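Undergrad: Take a look at this one; I'll ask things after.
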Amino acid sequence: MTRARPSLLVAACVAALLTAAAGSASAQAQAGIQSLPRDIPAIPAPTAERFPGVIRHEVDATDLDRKVVRVRQTIPVPAAGPMTLLYPKFLPGNHAPTGPIQLIAGLTVTGAGQRIEWLRDTIDPYAFHLDVPAGVREIEVSFQWLTQPENSTWRVVMTPDVSNLQFEKAILYPAGYRHSGIMVQTSVQLPEDWNYGVALDTRSFEDGLAVFEPIDLEMLADSPMFAGRHYRVVDLDPGGRSPVRLHITGDTPESIAITDEQLAGFRNMVVQADRLFGTRPFDKYEFLLTNSNQLGGIGLEHHRSSENAVPANFFQEWTVYHGARTLLPHEYVHTWNGKFRRPADQITPNLNTPVQNTLLWVYEGLTEYWGEVLATRAGLTTPEEAIVNIAGQAAFYENQPGREWRALQDTTNHNLLGYRSVTPWSSWMRGTGDYYREALLIWLDVDSKIRELTGDRRSLDDFARGFHGIQDGVWEATPYTYNGVIEALNAVAPYDWDGFLRARLDAVGPEAKAPLEGLERSGWRLIYVDQPTEVEKYVNGSGGGDFQYSLGFSLSGARITNVRWGGPAYEAGIGTGWSLVSVNGQPGNAANLAAAITASKGNDQPISVVVRNGSRERTIQFDYHDGLRYPRLERIPGTRDRLSEILAPLEG
């Protein structure tokens, strides 16, 4: 449930910000601040009024060598005088202020052939203020999106063979209107002989120029394009009630060569989603998939499409890429959970109004659960792989000390603190992964509890149909609240769902435990073994450099990473960035460390390691004797195997 805010403090802060935003040069002078050339006007708030006319939006995405996207817009002018243009800040699916304004350059505005100077807002750098001269009926706006050559800072979106055009990063729009009330007619110039996938309706495509039918800004920002030199499209629902297609681009012709068996799995995914939800909240759905080692990785949901990037050899090395095989099912589930049924505090009037993330444990966590289940029901993954993956999640959260100070509910604020910020202490900090993966365990807990309460006559499948499957063919967001989730659960199986969920979402302190009750209720329990199976190795990365549940760190080559807060390595004063030099006098590598841990099991023989950080070298004696430990789920004898029942395909 969304908690009440300290209203007086918030009101005071908001009033102060609004005053600053609308402050005049004279007010700044009185405050002792050097005056700006002219007053900075307030940014108009979005209203219900529709923007008059249609914005013409032209994108040139042909400069592959320099990786520059060039944009030209023609924007009707409702009236002469003050006008504010906004660059999108809160991007769909990011749950955070991530619009890359830092990558926008060359902004030029003209009207009636004359240059119109703009002034950036001094409080909100995403806003540009103009004074439109009398008689000007439309303005021309041009700028460049300077996409990046490598993934170290921003992900690569243009390569010699594929590109990922996200329209919300290549557009300005007038303030004062809801994004659903601003119509845009977009065209994209692509390199010669390229083709593309997008959820927009194509008006024409000739000589590389794709012209699209007008659409409102809200849906344009939610309709990215994948384009490439090597391209194919396959129908995932031949003869179905609405089109569902898979658009594949890749680095080479071989990278887009999907097999019949793989294609059957994706088609089964569509069938199983229909059986789970009962409706389709879209008129069509376009999976955009790039198999590339050059394009930056992505998995991002949209209402009628999704952006998915996997390794170039994904189809050729199908088995080892378990996570990539669950990617498309996860993003497809988002169509129902997150896009159609959307948390009320995620629905905003435009792309510059802040979102709130209080229900991301539903938006992302339930999708993580259904994505795993749907992938298995469709045959994209096996039940064994799904059970191994759940074991890995359970082990991580059973051994996560971060819940001592931070509740799962608070992690939904993490994106707003710093978009998916990386920390070397993930086990202590907690963050975005928790409202995905720990919430997966909570939803397994809910599913198994419904089954228990109803004598296995009902399940979370019934919740999916009653909560998400309420309208067919409608692709307008329908909001939900925390109380709405509780009511829908009670409609399936009456219970104290509020108390059940809050006990897991708000648990914090030394006694707080990982939500593993659902495993045992499903007939399984978490154990640890000293030898991982082949499936455990490629699904969870068990073996190799994984010593998380023994010495409390991982090895990447000789580099120590992912040190677990409070684990043996942490207690020895070691953090991420140290290197393993030697183990019991042998070279420092994963094989020798595993042998040493095994040799010390059940006796008093220490594990002697030498570690180095820069010029500093240390010798550490680990007094650890519990051997190698890798997570596994095992059946509880005499119990019902609800987990296997959950993962079984639904019958038509």
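Those letters in the sequence shown? Residues 893 to 1544, by our numbering. Heads up, the beta-carbon is just placed ideally off N, CA and C, and yes, glycines get one too. All of these numbers come straight from a predicted model, not from anything done at the bench.
1) Along the beta strand (DSSP E) that carries Y1177, what are the first and last residues, could you check?
2) Measuring alpha carbon to alpha carbon, tell me which of A1270, A1119, R1047, H1122 ends up nearest F1158.
3) In this structure, does DSSP put H1222 in helix, strand or coil?
4) In terms of residue numbering, what span does the alpha helix (DSSP H) encompassing I1342 cover?
5) Enumerated in chain order, which unbroken segments of the alpha helix (DSSP H) with a length of 4 residues or greater are wholly contained in the region 1108–1149?
6) Buried or exposed for R1349, going by 16 or more other Cβ atoms inside 10 Å?
7) Could you please give me the residues that DSSP links to L1011 through a beta bridge?
8) Please state whether DSSP places S918 in a helix, a strand or coil.
9) What three-state label does DSSP hand R1070 in the structure shown?
10) So, does the region 1010–1026 touch the region 971–981, judging by three or more C-beta pairs under 8 Å?
11) Going straight from the alpha carbon of D1302 to that of G1437, what length do you get?
12) Please state the DSSP three-state secondary structure of N1200.
13) Can you look up D952 in the DSSP assignment and give me helix, strand or coil?
14) Out of I1528, S1492, R1394, T1240, which one is the CA nearest neighbour of R1070?
15) Closer than 7 Å by C-beta to S1434: which residues in its own chain qualify, once you throw out the five before and the five after it? Chain order, please.
16) By DSSP's criteria, S1096 is part of a beta bridge. Which residues make up the other side?
17) For the beta strand (DSSP E) that contains W1037, what are its first and last residues?
18) Under DSSP, the beta strand (DSSP E) around R1172 begins and ends at which residues?
19) Over the uninterrupted alpha helix (DSSP H) stretch that includes G1215, give me the two end residues.
20) Is the region 1171–1185 close to the region 1196–1204, with three or more CB pairs under 8 Å?
21) Can at least three beta-carbon pairs, one atom from the region 1506–1524 and one from the region 1464–1481, be found at a separation below 8 Å?
22) I want to know whether the region 1079–1095 touches the region 1005–1016 - three or more CB-CB distances under 8 Å.
23) Mind checking which residues open and close the beta strand (DSSP E) that includes N1087?
24) Does any residue of chain B bring its CB to less than 7 Å from the CB of P980?
25) Return the CA-CA distance between T1182 and A1119, expressed in angstroms with no decimal places.
26) When DSSP builds the beta bridges, which residues end up paired with L1057?
27) Consult DSSP for R1510 and reduce its assignment to one of helix, strand or coil.
28) Can you tell me whether T1208 is buried or exposed, with buried defined as 16 or more other CB within 10 angstroms of its CB?
29) On the DSSP letters alone, give me the boundaries of the alpha helix (DSSP H) that P1241 sits inside.
30) Assuming the contact rule is C-beta atoms closer than 8 Å, L1577 and T1304 should be a hit. Round their C-beta distance to whole Å, please.
31) Can you have a look at L1101 and say buried or exposed, based on whether 16 or more other CB atoms are within 10 angstroms of its CB?
32) Confirm, please, whether the CB-CB distance from A1286 to E1264 is below 7 Å.
33) Let me know the secondary structure DSSP gives Y1372 once reduced to three states.
34) Using a threshold of 7 Å, state whether the C-beta atoms of R1124 and D1053 are closer than that.
35) Grab me the residues of G1444's own chain with a C-beta within less than 7 Å of its C-beta, minus the 5 sequence neighbours each way, in chain order.
36) Pull up the distance between the alpha-carbon of L1352 and that of P1498, whole angstroms please.
TA: In this structure, then:
1) 1177–1183
2) A1270
3) helix
4) 1324–1345
5) 1109–1112
6) exposed
7) H1021
8) Model confidence at S918 stands at a pLDDT of 40, short of 50, so the residue's coordinates are unreliable; what they give is reported in the following sentence. Here S918 sits in helix by DSSP.
9) coil
10) yes
11) 31 Å
12) strand
13) strand
14) T1240
15) P1424, E1428, Y1522
16) V1103
17) 1030–1038
18) Where R1172 is concerned, there is no enclosing beta strand (DSSP E), given that its DSSP letter is neither H nor E.
19) 1214–1217
20) yes
21) yes
22) no
23) 1087–1090
24) No chain B is present in this structure, which holds just one protein chain.
25) 9 Å
26) M1117
27) strand
28) The amino acid at residue 1208 is misidentified as Thr; the sequence shows Gln. Label assigned to Q1208: exposed.
29) Unbroken run through P1241: none, as it is neither H nor E.
30) For residue 1577 there is no data in the structure shown, the boundaries of the chain being 893 and 1544.
31) exposed
32) no
33) strand
34) no
35) V1455, R1456, G1459, P1460, A1461, Y1462
36) 49 Å
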